[in-house]
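Remarks on the structure that follows.
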Amino acid sequence: MDAGCDLNGYVSDITRCYPINGEFTPAQRTLYDALLYVHEQLLVYANDMEKVRLSHLYSRMIELIASAILEVGLLPQSVDHRQLLDTAESLCPHHVSHYLGMDVHDCPTISRDVDVPAGTVFTIEPGLYIPTKSSFPEEFRGIGFRIEDDVVATKDGIEILTDTVPRSSNEIEYLMRSR
Numbered sequence: 002m003d004a005g006c007d008l009n010g011y012v013s014d015i016t017r018c019y020p021i022n023g024e025f026t027p028a029q030r031t032l033y034d035a036l037l038y039v040h041e042q043l044l045v046y047a048n049d050m051e052k053v054r055l056s057h058l059y060s061r062m063i064e065l066i067a068s069a070i071l072e073v074g075l076l077p078q079s080v081d082h083r084q085l086l087d088t089a090e091s092l093c094p095h096h097v098s099h100y101l102g103m104d105v106h107d108c109p110t111i112s113r114d115v116d117v118p119a120g121t122v123f124t125i126e127p128g129l130y131i132p133t134k135s136s137f138p139e140e141f142r143g144i145g146f147r148i149e150d151d152v153v154a155t156k157d158g159i160e161i162l163t164d165t166v167p168r169s170s171n172e173i174e175y176l177m178r179s180r
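Going from the sequence shown to the working numbering is simple: count from 1 and add 1.
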């Protein structure tokens, strides 16, 4: 679910993925947990950056997704590094971030390759989408996830504005059972 709200002229944008029957299949859990690891590493990376740049977050996301798809067995360990990075980009065909403000995709003309000043709100939203018609292992075909949180740049790193929303596969399954 990709959703948000508008409050006093400002917007939010968050994505969480839920298994339709309340429980992740083993393949879904494998991919979701791999993507969650990517997401968590991006949050740490953004927090530790002296100056956040969305373009640097994107490059880091591609590296992390590349490692994740190798680890879960989507590609053989012997794959060429350039092919691995190209595959990672194809499996996440959107940017890792966009600015938030008075519009969901606020300030689209501002470069993603500039330092993000303190007080700026932006998203961190890696995704992983395995095509149905592909040469990837059958159990992973047709599975797609995105995990999106809203963060604000501070003078000391970032603050995760949507941190209280369940994110882990266990938290999501617990939430689904409690309906």
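Ideal Cβ positions, reconstructed from N, Cα and C, are used throughout, including at glycine.
Whole angstroms are fine: how far does the CA of Arg83 sit from the CA of Ile214?
Here the chain has residues from 2 to 180 only, and residue 214 is not among them.
Residue from Gln78, Glu139, Tyr100 whose Cα sits closest to the Cα of Val115:
Counted from its first residue, the sequence shown places residue 115 at position 114. Ranking Gln78, Glu139, Tyr100 by Cα distance to Val115 puts Tyr100 first.
For Gly10 and Lys134, the rounded distance between their alpha carbons
For this step, residue 134 is matched to residue 133 along the sequence shown. For this step, residue 10 is matched to residue 9 along the sequence shown. Distance between the alpha carbons of Lys134 and Gly10: 42 Å.
State the start and end residues of the unbroken beta strand (DSSP E) segment that holds Ile159.
As a first step, residue 159 is located in the sequence shown; it is residue number 158 there, counting from the start. Ile159 -> beta strand (DSSP E) spans 158 to 161.
Nearest-angstrom Cα separation, counted from Gly120 out to Leu36
The residue labelled residue 36 in the question sits at position 35 within the sequence shown. The residue labelled residue 120 in the question sits at position 119 within the sequence shown. Computed Cα separation, rounded: 27 Å.
Using a Cβ-Cβ cutoff of less than 8 Å, which residues in the same chain neighbour Pro27 once the five nearest sequence positions on both sides are dropped?
Within the sequence shown, residue 27 is the residue found at index 26, counting from 1. Glu140, listed in sequence order.
Closest by CA to Pro94, which one among Gly5, Ile131, Ser68?
Start at 1 with the first residue of the sequence shown, and residue 94 comes out as number 93. Considering only alpha carbons, the answer is Ile131.
Between Thr124 and Glu149, what straight-line distance do the alpha-carbon atoms span, to the nearest angstrom?
Counting from 1 along the sequence shown, the entry for residue 124 is found at position 123. Counting from 1 along the sequence shown, the entry for residue 149 is found at position 148. Computed Cα separation, rounded: 7 Å.
Kindly indicate which residue of Leu55, Ser169, Asp14 has the alpha-carbon position closest to the one of Ile111.
Sequence index remark: in the sequence shown, residue 111 carries index 110 (1-based). Here the closest residue by C-alpha is Leu55.
Among Glu51, Thr88, Leu32, Val45, which has the Cα closest to the Cα of Ser136?
The residue you call residue 136 lines up with position 135 of the sequence shown. Closest option to Ser136, Cα to Cα, is Thr88.
Taking Ala154 as the reference, which of Gly145, Leu129, Pro118 has the closest Cα?
Along the sequence shown, read from residue 1 onward, the residue named residue 154 stands at position 153. Of Gly145, Leu129, Pro118, the residue nearest in Cα terms is Pro118.
Starting from Arg30, follow the beta strand (DSSP E) in both directions and report where the run begins and ends.
Taking the first residue of the sequence shown as 1, we reach residue 30 at position 29. From DSSP, Arg30 is part of no beta strand (DSSP E) but of the alpha helix (DSSP H) over 27 to 49.
Which same chain residues, not among the five before or five after Glu1, have their C-beta less than 8 Å away from its C-beta?
Residue 1 lies beyond the range of the chain shown here (2 to 180); nothing can be said about it.
What first and last residue would you give for the alpha helix (DSSP H) that runs through Tyr175?
What you label residue 175 is simply residue 174 of the sequence shown in a count that begins at 1. That run of the alpha helix (DSSP H) goes 170 to 178.
Using the rule of at least 16 other Cβ atoms within 10 Å of the residue's Cβ for burial, across every protein chain shown, is Thr31 buried or exposed?
Here the question's residue 31 lines up with position 30 in the sequence shown. By the neighbour-count rule (16 or more Cβ atoms within 10 Å), Thr31 is buried.
With a threshold of 16 other CB atoms inside 10 Å of the CB of Asp151, please say whether the residue is buried or exposed.
Counting from one through the sequence shown, the residue named residue 151 turns up at place 150. Answer is buried; the Cβ neighbour count reaches 16.
Please classify Asp14 as buried or exposed, where buried requires at least 16 other C-beta atoms within 10 Å of its C-beta.
Stepping through the sequence shown from its first residue, residue 14 is reached at position 13. Looking at its Cβ environment, which holds 16 or more other Cβ atoms inside 10 Å, Asp14 is buried.
Whole-Å CB distance - Leu85 paired with Leu76, under 8 Å assumed
Looking up residue 85 in the sequence shown gives position 84. Looking up residue 76 in the sequence shown gives position 75. Sure, about 6 Å apart at Cβ, within 8 Å.
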